[in-house]
Amino acid sequence: MSKTSGRNRAGGFLLSRICPTESSSGKRGISSNSKSKRVAGISFFFEEVAVIRVKQQFLRQVIQSLAENENRRAGDINIIFCSDEYLLKINREFLSHDFYTDIVTFDNSQGEILAGELYISMDRVRENSASYGVTFRKELARVVIHGVLHLAGYKDKRKTDKKEMVEKEDFYFRMFDIENSY
Numbered sequence: 002m003s004k005t006s007g008r009n010r011a012g013g014f015l016l017s018r019i020c021p022t023e024s025s026s027g028k029r030g031i032s033s034n035s036k037s038k039r040v041a042g043i044s045f046f047f048e049e050v051a052v053i054r055v056k057q058q059f060l061r062q063v064i065q066s067l068a069e070n071e072n073r074r075a076g077d078i079n080i081i082f083c084s085d086e087y088l089l090k091i092n093r094e095f096l097s098h099d100f101y102t103d104i105v106t107f108d109n110s111q112g113e114i115l116a117g118e119l120y121i122s123m124d125r126v127r128e129n130s131a132s133y134g135v136t137f138r139k140e141l142a143r144v145v146i147h148g149v150l151h152l153a154g155y156k157d158k159r160k161t162d163k164k165e166m167v168e169k170e171d172f173y174f175r176m177f178d179i180e181n182s183y
């Protein structure tokens, strides 16, 4: 078990096991057995999906810059790319939601340090990118931004909160020039 990421690795093969974890703040999260690449506290994992090429360094820069712009710092943030079914299982078990979604965020942030896990359904991102007429990478970047905004304290359940969240997403999408850079 890696002390810094809190994840077991299983000799190059992904194990489909979900294990609830609890941080010192009492917030629940999920630990999985998975291959990862860890740099600067931001790690990428693949669960029940083929490993795809993702511009990890670009996404790290987006996350770190977004955190700084929100007067925060990026701590340990795990981004887990997974299937619809994997995320549905998490949504049911931990949030009691019985529907597909593009992202589930477990927030373990403390003070100015953003930390947590972003579970992203690659199936949903692919489907949404086709529905919205944008590239897969652009939709993926938007979903990552959305998850990090949750770590920064933004909500999206109420109509006014959702409006603010979308405005922030659009702001960062433009700020990082994702239209042309990613």
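Going from the sequence shown to our numbering is simple: count from 1 and add 1. Every residue, glycine too, gets a C-beta built ideally from N, C-alpha and C.
For residue 43 and residue 54, believed in contact at Cβ under 8 Å, the rounded distance: Taking the sequence shown and counting its residues from 1, one reaches residue 54 at position 53. Taking the sequence shown and counting its residues from 1, one reaches residue 43 at position 42. Between residue 43 and residue 54 the Cβ distance is about 17 Å, and since that is not below 8 Å, they are no contact.
Kindly indicate which three-state DSSP category residue 106 falls into: helix, strand or coil? Residue 106 sits at position 105 when you count from the first residue of the sequence shown. Of the three classes helix, strand and coil, the one that applies to residue 106 here is strand, per DSSP.
### Query
In whole angstroms, what separates the C-alpha of residue 49 from that of residue 102?
Counting from one through the sequence shown, the residue named residue 49 turns up at place 48. Counting from one through the sequence shown, the residue named residue 102 turns up at place 101. Approximately 16 Å between the Cα atoms of the pair.
- [ ] Check each candidate in 67, 97, 115 and name the one with the smallest Cα separation from residue 79.
- [x] Within the sequence shown, numbered from 1, the residue matching residue 79 stands at position 78. Of 67, 97, 115, the residue nearest in Cα terms is 115.
In three-state DSSP terms, what is residue 185?
-> Past the boundaries of the shown model lies residue 185; the chain is included only from 2 to 183, so the question cannot be answered.
ask   = Does the beta-carbon of residue 63 have 16 or more other beta-carbons within 10 angstroms, so that it is buried, or is it exposed?
value = Against the sequence shown, residue 63 aligns to sequence position 62. Buried: at least 16 other Cβ atoms inside 10 Å.
Please return the same chain residues whose Cβ sits closer than 7 Å to the Cβ of residue 76, not counting the five positions on each side in sequence. Along the sequence shown, one-based indexing puts residue 76 at 75. The answer, listed in chain order, is 42, 114, 115, 116.
Are the C-beta atoms of residue 108 and some chain B residue less than 8 Å apart? Absent from the structure: chain B. Only one protein chain is present.
Q) Under 8 Å between the Cβ atoms of residue 125 and residue 85? A) Residue 125 sits at position 124 when you count from the first residue of the sequence shown. Residue 85 sits at position 84 when you count from the first residue of the sequence shown. Cβ distance < 8 Å, so residue 125 and residue 85 count as in contact.
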